[in-house]
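Visitor: Heads up, the sequence shown is in my numbering, so the first residue is 20 and it goes up one at a time. Encoded as structure tokens, here's the structure I'll be asking about.
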Amino acid sequence: MTEKRIYQQAHELIEGCQSFALSTIDRNGFPYTIIVGPPIQRKGISSFHFYINGDGRSASNITRNELGCVCCHYEAEHQSVAVRGKFKLIEIHDVEAVNQRLVDYQKELDYAFPVIAEFTALSLKVHRDLKTKQLNLSD
């Protein structure tokens with residue numbers, strides 16, 4: 020399978036997914052995972068913006084260690100995408116502009132200090148059609 024096809028499969032799966040698992044590294048070096056809504060902004064499969072609680076553990080973990088993973092899956096079809104990369108926190112200055120991009124559930128979260136977790140992809144793994152393929156994006 021060509022790199023272009025792996026990239027296209029990952030793009031298709033991410034495009035249709037409505038919930039994502041964000042994994043950060045806690046202060047003890049263990050993964051810490053939360054489930055969030057779809058990205059409020061996305062550039063293909065290379066960059067994602069997620070709406071998270073700036074007072075939460077994930078934000079705290081990102082401040083200490085930028086490495087993490089973003090995953091989505093389709094249980095019935097046995098398909099998934101796991102993307103490894105780096106997180107960065109971005110303060111929200113224009114709340115109204117961000118609110119327009121949130122799904123209803125995200126709007127109800129009512130975080131006291133919401134932030135954007137910007138994720139930049141370095142590599143990905145796609146499981147589809149009973150096969151798992153990996154692609155390094157940081158070259």
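Beta carbons: idealized from backbone N, C-alpha and C, even for Gly.
Could you check whether VAL145 and VAL100 sit closer than 8 Å to each other, using their CB atoms as the reference points?
Guide: Yes, the Cβ-Cβ distance between VAL100 and VAL145 is below 8 Å.
Visitor: For the putative contact between LEU121 and ILE33, defined by C-beta atoms under 8 Å, what is the C-beta separation to the nearest angstrom?
Guide: The pair is not a contact, with the Cβ atoms about 18 Å apart (cut-off 8 Å).
Visitor: In whole angstroms, what is the alpha-carbon distance linking TYR96 and GLU110?
Guide: Per the sequence presented here, residue 96 reads as Glu, with Tyr not at that position. Their backbone Cα atoms lie some 37 Å apart in a straight line.
Visitor: Does the beta-carbon of TYR70 have 16 or more other beta-carbons within 10 angstroms, so that it is buried, or is it exposed?
Guide: TYR70 comes out buried.
Visitor: Which runs of the beta strand (DSSP E) at least 3 residues long sit entirely within the segment 121-149? Give them in chain order.
Guide: The qualifying runs are 133-147.
Visitor: Which word fits SER42, buried or exposed, when buried means at least 16 other C-beta atoms lie within 10 angstroms of its C-beta?
Guide: It counts as buried.
Visitor: Can you give me the C-alpha to C-alpha distance between LEU149 and ILE25, rounded to a whole angstrom?
Guide: The alpha-carbon atoms of LEU149 and ILE25 are separated by roughly 14 Å.
Visitor: How about VAL102: is its C-beta nearer than 8 Å to some C-beta of chain B?
Guide: In the displayed structure, chain B is absent; only one protein chain is listed.
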